[in-house]
Structure formats: C-alpha cells, structure tokens
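Inspection log for the structure reproduced underneath, given as structure tokens.
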Amino acid sequence: MKRFSDQELLDLLNSLESDRVERKESFKGEVPKKARQAVCAFANDLPNHNAPGILFIGAKDNGEPSGLEVTDQLLLSLADMKTDGNILPLPVLSVEKRLLKGSAMAVVTVMPSDMPPVKYEGRIWIRTGPRRSIANEQEERILNEKRRYKNLPFDLHPIPSAAVTDLSKLIFESEFLPSAFAADVLESNGRSYGERLSSCKMIVSPDTTTPTVLGLLTLGKSPQDFLPGACIQFLRIDGTDLADPVLDAETMGGAFVEMLRRAEEKLKSHNRIGVDATSGPTHRTDMPYPPAAMQQILYNAVLHRTYENTHAPVRVYWFNDRIEITSPGGPYGNVTSENFGRPGITDYRNPNIGDVLKTFGFIQAFGRGIAIARREMEKNGNPPPEFETSPSAVMCTLRRKA
Amino acid sequence: MTAPVLTFFNNKGGVGKTSLIYHLAWMFARLGRGVVVLDLDPQANLTAAFLDEDHIEALWNAEGAGSTIYQCVSPLAGVADIAPPLLQPMAENLHLLPGDIRLSGFEEALSKEWPDSMGDSNLYRPMRILSAFWQVMQMAGDQVQAEILLADIGPNLGAINRSVLLATDYVAIPLGADLFSLQGLSNLGPTLRSWKNLWQKRLNNWEESPEKRHYPDFRLPSGKMQPIGYLCQQHGVLLERPVKAYDKWVQRIPAVYREAVLNEAPVQNLRQEDDPFCLATIRHYRSLVPMAQERRKPIFNLTSADGAIGSHAHAVSDARRDFRILAEKIAEKTGLAPAPKPWHP
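Residue numbers (UniProt numbering), protein chains in the order written: chain A, 1 to 402; chain B, 1 to 345.
Structure follows, in structure tokens:
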C-alpha cells in the first residue's frame, strides 16, 4: 500500500486533468454514492496506470481547500466504503487526514485491484478521462484480461480437471446473475455465457473455460469431486468429549447455497427451544445458543478457511456443554494469533468468495461477524465466544448457557 | 416545495393494501427516491410489517415524544401543539412514522370539530385539529426531504380517514375481485367528492373569517384527493370455477370506476387489463410471502441465503420487475420529477 508524500499529493491535487484524482468539497448528499463510484473506478484502473487513485474530500474542483472540518466521524464513514460490501471484491484503500495548502483534507488512496472487474451495486464503474462511466462489453473484456496475469488468490485458481459443464448454468442465470448485477446492466448487454462466467470469475476466460475454485464452489454441480475438503462436517456428541457416543452425524456438501442452508437447518434442529410453562404465570421460551452467533461463526469458517492443500472440512462438533467450530487454515495476512478477534483487524484469504457470499445474501457487511457473535451470546446469556488459533486452524468455542 | 401525499384507500378490507404499500415504499427507496411511510390505520399492521414487537412496544411506551402518529397529534386534544414526528429510518431513502392503537381515540375529537369548523367564530382550533395529519405529514416530509409520502388507512369512512384524505393529493384504490370490493368502490367515489366539497366550504369559511389575519403562517391542505387509478389483487387460482367468478367481477371494474369515482359515463366493453386506470394486477406470490414476512423484507429483496432459490429466485426477479413498473407508473401519475439515470449518459 503506497503512502504519498505531501508534495506528491499536492501535485495530484493541482493536476486538474488527471484521471487518477477526484475532488469533493464535502461528504454529503450525493457525494457518498459518487465517491463509491470513484473508488470502484480507481480499483478497476482501466487506463492501466498501475498506480493508486486519490479521492480528496474537502477540496474544490479547482484544487483549493473548501474549509471542511475533517472529523473522526467523517473518516469513519469514508472507511465504511471499504467494508459495507457495496464494492466487490473488497477494495484495498486507506483513509487519512492530511494537511494540504494549510487546510485539513480527508485523503482516500485506492489501490488498483488484482481481480477486476470490481463492481459497485452491480455495476462496473471505470474512468474515462476526467469522468466516470459504466464499462461497456469491450471494456469489461479488457478488465477480464488484466486479471489473468496477476498473482491471484487461491479462490481464482483454475481447477484443470474440471470442465465448464461441471458448473450449473441454471443456478448461474436464475440465482447468481440477477443478484450480482443491476437489472438494466443485464438487460442492455449481449455478452455470451462464457463472457458472463468469466466476468464473474467463475472460469479463467472465455477462451480457457476451465472453472476456478470460486466457480466450482459457487455453481458446481458437485464441487467436492474436485475439492474434497470443501464441505461442512457436523457431529452431535452425547457428552463432553470426542470419545463419547455420536447422536447425529452428517457431512454437508454441494455448492455454497446448498451447503450453508443445509448446515443452518441442522444447527436449527439441534438448538432445541425449551418452554417453561410452570414456573411463572406465562410461559417462557429459552434457547441454548443464539442462532445469529452460530450463523456468523459458521459463515466466517467457510469464508476465511483455506481451500488450498487440505482435505479438511469445516468441523462443527456439538457437545452437551459447547459447540466447537473449526476452520482449516490459521490466521491470514494482517490477522495473527496475537491480534485475533480484535475489532477492526480483518483480512481476506478468499476475497472473491466474500464477494459471492455477499451476493447470495449470507453476508451483510464485512468485518463485523465476531462482534455480532459476541453481542448475541451476551444477549442470550451465554459466556463470550472463545477463539483458539494455530498455524493450521482457527477454532471457535460457543459455550452453552448455564 | 411540498412532497405529494398518496393514500391507498378502500372501505373493503383484506385487499392486500398494507402489503402493497410496504412493497411500494421499499421499491421507491430502491429506485433512489426519498419516501416517508405513514401508518394512519389504528390497527398498525403496516408498522408491524416494518418493526418487530419489542421495538413497537418501546415506541408506544415512549410517552409524549413524537414516536408515533398518535403521539404527534394527541397534544392538540389538550392545550399543547403538534409534536414534531420522530421518524424511524428503515433504509437509505426510507422512513416510517409508526402507527398507534390509541389513534382510534382521536376519532372523537375529529368528529366533534367537523361541525364546529363551519361555525362563525373560533375557527382556528377546529381547523388546526382537522388538518393535524396534514401538518404532521408536511413536517415529516420536510425533515428528510422526501419526494413522496405514502399513507395507509383503515377500511372505513370514519372521521380519521376523512381527515387523512383531506391531507391527500392522490388516491389509489386497491381492489379484490368480488362483490364487496365493487360495492365499496361505488360508495367510495361519491364519498370522496362529498368530502372534497365540504372541505372546500370550510376553506372558504376560514378565508372569510376575521380570525385568519391573526394566523398569517397557518397553512391548510387543499383537499385535492385526485384518484389516480385502481389496483387489482389476483386470486390464487386453482380450479376453473374461481377463475370464472374472478373474471366476472374484475371485468365490471372499469365501468364502475368511471361511474362512481370519476363521475363519468360508464364505458362499454373495456377489459380491465386494457384499462389505463388499472395501475397493476398484484400477483399472488404464494410461498414467498411468509418467507419475506419472517425476514421482514419485501419479497423482491429476498436472497438465496433466505431460501429464495430455484423457481423462487425467478419469482423474486419477477416481483422486482412488477413493483418497479408500478412505482414508475405511480411516480408519473403523481407528478414526481423523472428519476435520475443510474449512470451518466
């Protein structure tokens, strides 16, 4: 992540014609929307600058300061552009307060994405000269091409033994596309099935139709034929340790929607609601575990796990006193054993899987799962969730309430 | 600049009115248009569609604040003035003024002031009470710079509904395909016209009263109540007989609408589906309805994670298209400025 010096920022601020710069006087009204479009366009980097784009908040169109007060609140709402899940895959950007021309400005630095096309609310924004527009078919093709020569995360790696026929066209067209793209974008374009799959990163390119890991996990008819560990193993153990008898066992496979929905149903059926009708004048219901917490930990396990070099499933072991959810692969990137679970510390081993889970509606916003789980556990009267990390796995323990 | 108030009204209940407003509000918000939803039905079903019971309970117990429509207008029954509404933000561009069971208690005050407002002295107070809903609506609209205000009312011709309709610019009439809806339609039209005339008389009376010059800032609604059309609720069709019965009633609507609501000669041989006053036929979305209610979402915002997969996913896309077309039609009929294109040309 590049940090510009004051002089470099001043040069960009003054270069009125540059397509790497956008200036906004404040962050009100339509600006939050336009700023997001700009972030999306900078991340796509269609002109191939291979350099960050800069968004100045607190500068007039002529580059002079507008005298905006740069508050903590403003910086927070700017940082929100990264994690509210409207720009996908998640952009790499930094937000800082800088003193330029004697005035405070908020400076948003957006790195070009290795995984274009990046979309904002289902539309692919690009820079053409000093303004923003929606990518047409040809421009979308160029963005797809750019992706092929980068060092990509594992979720975009091709699986050579799979063929495009291993993907479900039906699910792609009826469920995925309408949620991933705005209706008018889908209506107005004449892209082929291959181009659409490629634009969504499900296959390598329209000419090399080999499915990617993402494609198989999202649309695969039987993804576990190629990625045997990409499933969720559920065990209900009658006791408190692994040697105790097993009451129920099931391995949930299939693509994401099927796998996650089946897993959730399983959790729901075991989370038996107790009804106390005798101790008070009205009956009271009681749940051993808050559903939202189980859901968040499960989604996290599927999103952040490694799918590379392992045949281990996500494990959900339900004991009489606790649930242990184990996700293969240790902490990743910015996240380490030391800072694990601290608010604000997040990183993405599988950014494109994050994109898909958001598109299907499993994720509402990014970086908040653990916080939600903590809050729900507390509300329901459970002890706080415990995390244990090792280089090869992350385990979360949810304890039953006393 | 005031935002137009659109009220959905039929004195026959159970025609899918509340669900219609709920979905339309979400669609307007989705299309980037600022909308405020006002629940003026004391049964508060619309509020229950938006908020869960714990939340509603907290609002109803918040004494004296403007958290519900009742709390906004009730100070008028005493000596105080209208309390400014506290809107509940539901989504970007979408705000709700919750309803309140206690609103039925305001019916009496409104009935009492109706004759008093035709007297020759002390007109300010009756006029203030009769136009209270309008005042609250305008405050709500100004607060969030809404483009349109959507009001839901109960199925009757009582004083609360009269007062809401006086505050209304446009009226849309949801209908079921049955005798009761059609009968409702034929006495609704004359009632609207009569209220419009009676309100005009009161406006004139106020204009001429010596009291008027003491209240230079006091504005009143014009009571436009312009009908913009009707919506038909499709029946869950299973066997041939209900289809025939449905068709029998539905094809009488265009003629009755013209005669009763527009006071025109009834047309002959105009089929409901060809009628320009038919804003939409609302489809029956079957199992999507409980799925959406459980998630407190409109049908067209359901995702695969909610269980909208396979044929459900198609139905979700269809619902999204149908409601978008309806919202655009209503925007045009209520004189909203054209929506900004989602991208630069």
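Where a beta carbon is used, it is the ideal one built from N, C-alpha and C, also for glycine.
Query, Result
"Mind reading off the beta-carbon distance from F340 of chain A to T389 of chain A? Whole number of angstroms is fine, and I expect it under 8 Å.", "5 Å"
"Spatial neighbours of D11 of chain A within its chain, please: C-beta separation below 7 Å, excluding the five flanking residues on both sides.", "none"
"Three-state secondary structure (DSSP) at M202 of chain A?", "coil"
"So which residues on chain A does S317 of chain B lean against when the C-beta distance must stay under 7 Å?", "P178"
"Measure from the C-beta of R23 of chain A to each C-beta in chain B and report whether the shortest distance is under 9 Å.", "no"
"From B:A65, B:Y246, B:T18, pick the residue whose C-alpha is nearest to that of F180 of chain B; which is it?", "B:Y246"
"Does any residue of chain E bring its CB to less than 9 Å from the CB of R196 of chain A?", "Judged by its chain identifiers, the structure shown contains no chain E, and its protein chains are A and B."
"Classify P345 of chain B as buried or exposed, calling it buried when 16 or more other Cβ atoms lie within 10 Å of its own Cβ.", "Because P345 of chain B carries a pLDDT of 31, less than 50, the predicted location of this residue cannot be relied on, and no value is offered for it."
"Return the first residue and the last residue of the beta strand (DSSP E) that E22 of chain A is part of.", "21-24"
"So, is the C-beta of H344 of chain B closer than 9 Å to a C-beta in chain A?", "Its pLDDT being 36, under 50, H344 of chain B is placed unreliably by the model, and nothing is read from it."
"Would you report the Cα separation of D248 of chain A and I372 of chain A, rounded to the nearest angstrom?", "28 Å"
"For chain A, is any of its Cβ atoms less than 9 Å away from the one on D52 of chain B?", "no"
"Over what stretch of residues does the beta strand (DSSP E) that includes residue 346 of chain B continue unbroken?", "Not covered by the structure: residue 346 of chain B. The range shown for chain B is 1 to 345."
"At the level of alpha carbons, what is the spacing between K33 of chain A and R219 of chain B?", "36 Å"
"Is the Cβ-Cβ distance between I232 of chain A and T251 of chain A less than 9 Å?", "yes"
"Would you list the residues sitting across from E388 of chain A in a DSSP beta bridge?", "A:M395"
"Which of the residues in the stretch 353-373 of chain A, read from start to end, lie with their CB under 9 Å from any CB of chain B?", "L357, T359, F360, G361, F362, I363"
"Could you give the distance in angstroms between the alpha-carbon of V204 of chain A and the alpha-carbon of E25 of chain A?", "41 Å"
"Please tell me whether D306 of chain B has its Cβ less than 9 Å away from any Cβ of chain A.", "yes"
"Grab the span of the alpha helix (DSSP H) containing Q71 of chain B for me, first residue to last.", "69-73"
"Quick one: is Y215 of chain B buried, meaning 16 or more other Cβ sit within 10 Å of its Cβ, or exposed?", "exposed"
"By the criterion of Cβ-Cβ separation under 9 Å, what are the contact partners of V92 of chain A in chain B?", "Under the 9 Å cutoff, chain B gives no residues; its nearest Cβ is about 24 Å from V92 of chain A."
"Applying the criterion that 16 or more other CB atoms from any shown protein chain within 10 Å of the CB defines a buried residue, is R147 of chain A buried or exposed?", "buried"
"Can you grab the Cα-Cα spacing for the pair L86 of chain B / L97 of chain B, in whole Å?", "7 Å"
"Is the stretch 122-133 of chain A close to the stretch 39-50 of chain A, with three or more CB pairs under 8 Å?", "yes"
"Take the Cβ of L143 of chain A as the centre, count every other Cβ of all protein chains shown within 10 Å, and call the residue buried at 16 or more, exposed below.", "buried"
"For a cutoff of 9 Å on Cβ pairs, would you count S174 of chain A as touching chain B?", "yes"
"Using Cβ-Cβ distances below 9 Å, what residues of the stretch 105-133 of chain A are close to chain B?", "E121, R123, W125, R131, R132, S133"
"With contact counted as at least three CB pairs below 8 Å, one residue from each stretch, are the stretch 218-232 of chain A and the stretch 178-193 of chain A in contact?", "no"
"When you compare only the Cα positions, how much space is there between R196 of chain A and H23 of chain B?", "31 Å"
"Run through chain A and tell me which residues come within less than 7 Å of A159 of chain B, C-beta to C-beta.", "Under the 7 Å cutoff, chain A gives no residues; its nearest Cβ is about 37 Å from A159 of chain B."
"Quick one: what's W318 of chain A bridged to in DSSP?", "A:R236, A:I323"
"Of all the options B:R283, B:R258, B:I309, B:S194, which has the alpha carbon lying nearest to the alpha carbon of R261 of chain A?", "B:I309"
"Establish whether the CB of A183 of chain A and some CB of chain B are separated by less than 9 Å.", "yes"
"Go ahead and label I160 of chain B buried or exposed: buried means 16 or more other beta carbons lie within 10 angstroms of its beta carbon, across all protein chains shown.", "buried"
"Can you tell me whether P345 of chain B is helix, strand or coil according to DSSP?", "Here the model assigns P345 of chain B a pLDDT of 31, short of 50, so the residue's position is not dependable, and the following value carries that caveat. If DSSP states are grouped into helix, strand and coil, P345 of chain B belongs with coil."
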